[in-house]
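Participant: Before anything else, here's the structure in question.
There are 2 protein chains.
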Amino acid sequence: MDALTVNEAAATTGWSPRMLRYVERAGLVVPPRSDAGYRLYGPGQLQRLRTLRELLERHDVGLAEVSFARRMREDAGLREAVDEWLSARPRRPDEVSPGEWLRFEQDKHERLLAAQSQLEVR
Amino acid sequence: MDALTVNEAAATTGWSPRMLRYVERAGLVVPPRSDAGYRLYGPGQLQRLRTLRELLERHDVGLAEVSFARRMREDAGLREAVDEWLSARPRRPDEVSPGEWLRFEQDKHERLLAAQSQLEVR
DNA sequence: GTAACCCTAACACGGTCGTGTCAAGGTTCC
DNA sequence: GGAACCTTGACACGACCGTGTTAGGGTTAC
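So the sequence lines, in the order shown, correspond to chains A and B. Count along the first sequence from 1, add 712, and you get the number used in the numbering used here. Count along the second sequence from 1, add 712, and you get the number used in the numbering used here.
Here you go:
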């Protein structure tokens, strides 16, 4: 009886039931089902949901990105292609000035924060 | 004089000038600038743009995903956290039935194709 | 000096991500 | 047998991704 239904699992992991279904759809935590098709979260899945949550919050990552990391890990061809492209840095060091490529991610973050403070003020 | 301006570089790499600026913003191919601020694409950048294009097409990946792969490569903390989460598979093999987690990506693809054929018909 | 090019900033638009909510219908439990 | 739960499917919504386009203003080259 140590298997929780979706609402119970949500309550003990900090996700919403909606998001638990979404996480399943993304292939990240897929619980087994009862005969009637109910999701049954065991201790393993619950732990996995909690650590996933930590991972996303701590490193500002999205589910899609973790999914992509998983895809790279499973698909050797993809992994090699990406790795090779990334390691083929320019012969002359004319390309990336350090601190430049951070702008992209930072801008996203700033826009997000700006949007949030708008909400708070309201 | 073996450095091309943004329009010329676009013509020889298959990107649009707009996208060349976007790719730069994503930190993937950042050309040096002339005194006046013009982007100057050398042979190295041009090659990199062509191979990037191949990579994206061949593996159905987006710029944001390559950017994320780069981020994982630079940020050891992130890389370790993601890798650890992904390798911490369930003790009992009750979690992912093979072929299940493919649905997510496939669905995306199908919806995309459906949308595209709508356009063609029109 | 002027045509042709470059720059950034911005609007626009369909698609995806993350999330909530609601509807129509099965299941479980008293 | 009805309340309280579960299922899938859909609409909604703001933010982001990929992309084109346009506007206002410098630069280059003839």
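For every residue, glycine included, the Cβ atom is placed at its ideal position computed from N, Cα and C. Model, not experiment: these values are computed from the prediction.
Rounded to the nearest angstrom, how far is the Cβ of V794 of chain A from that of L764 of chain A, given a contact under 8 Å?
Facilitator: Contact flag wrong, Cβ pair sits at about 23 Å.
Participant: Helix, strand or coil: how does DSSP classify L716 of chain A here?
Facilitator: Three-state result, L716 of chain A: strand.
Participant: Which residues in the same chain have their Cβ closer than 7 Å to the Cβ of A715 of chain A, if we skip the five residues on either side of it in sequence?
Facilitator: Result list for A715 of chain A: L752, Y753, G754, in chain order.
Participant: Can you tell which of B:A722, B:E736, B:D772 has its C-alpha closest to the C-alpha of D787 of chain A?
Facilitator: Ranking B:A722, B:E736, B:D772 by Cα distance to D787 of chain A puts B:D772 first.
Participant: Enumerate in chain order the residues of its own chain whose CB-to-CB distance from L790 of chain A is below 7 Å, with the five nearest sequence positions on each side excluded.
Facilitator: Only R783, M784 meet the Cβ criterion.
Participant: Are the beta-carbon atoms belonging to Q759 of chain A and P743 of chain A less than 7 Å from one another?
Facilitator: Going by C-beta atoms, Q759 of chain A is not nearer than 7 Å to P743 of chain A.
Participant: Does the beta carbon of R785 of chain B come closer than 7 Å to any beta carbon on chain A?
Facilitator: Yes - at least one Cβ of chain A is within 7 Å of the one on R785 of chain B.
Participant: Do we get a CB-CB distance below 7 Å when we pair A723 of chain B with the residues of chain A?
Facilitator: No, its Cβ sits nowhere closer than 7 Å to a Cβ of chain A.
Participant: Under DSSP, the alpha helix (DSSP H) around A776 of chain B begins and ends at which residues?
Facilitator: Taken as a continuous stretch (DSSP letters only), the alpha helix (DSSP H) holding A776 of chain B covers 775 to 786.
Participant: I need the straight-line Cα distance from G774 of chain A to L761 of chain A, nearest angstrom please.
Facilitator: Answer to the nearest angstrom: the Cα atoms are 14 Å apart.
Participant: Can you tell me whether DSSP reads R804 of chain B as helix, strand or coil?
Facilitator: Low per-residue confidence applies at R804 of chain B: pLDDT is 41, beneath 50, and the placement is therefore not dependable enough to give any value.
Participant: Can you tell me which residues form a DSSP beta bridge with R737 of chain B?
Facilitator: Per DSSP, none; premise fails for R737 of chain B.
Participant: Between B:E792, B:G726, B:L798, B:A800, which has its C-alpha nearest L768 of chain B's C-alpha?
Facilitator: Closest by alpha carbon: B:G726.
Participant: If contacts are defined as beta-carbon pairs under 8 Å, then Y750 of chain B and T724 of chain B qualify, I think. What distance do you get, rounded to the angstrom?
Facilitator: The pair is not a contact, with the Cβ atoms about 16 Å apart (cut-off 8 Å).
Participant: Determine, using beta carbons only, whether A781 of chain B comes closer than 7 Å to chain A.
Facilitator: So, interface residue.
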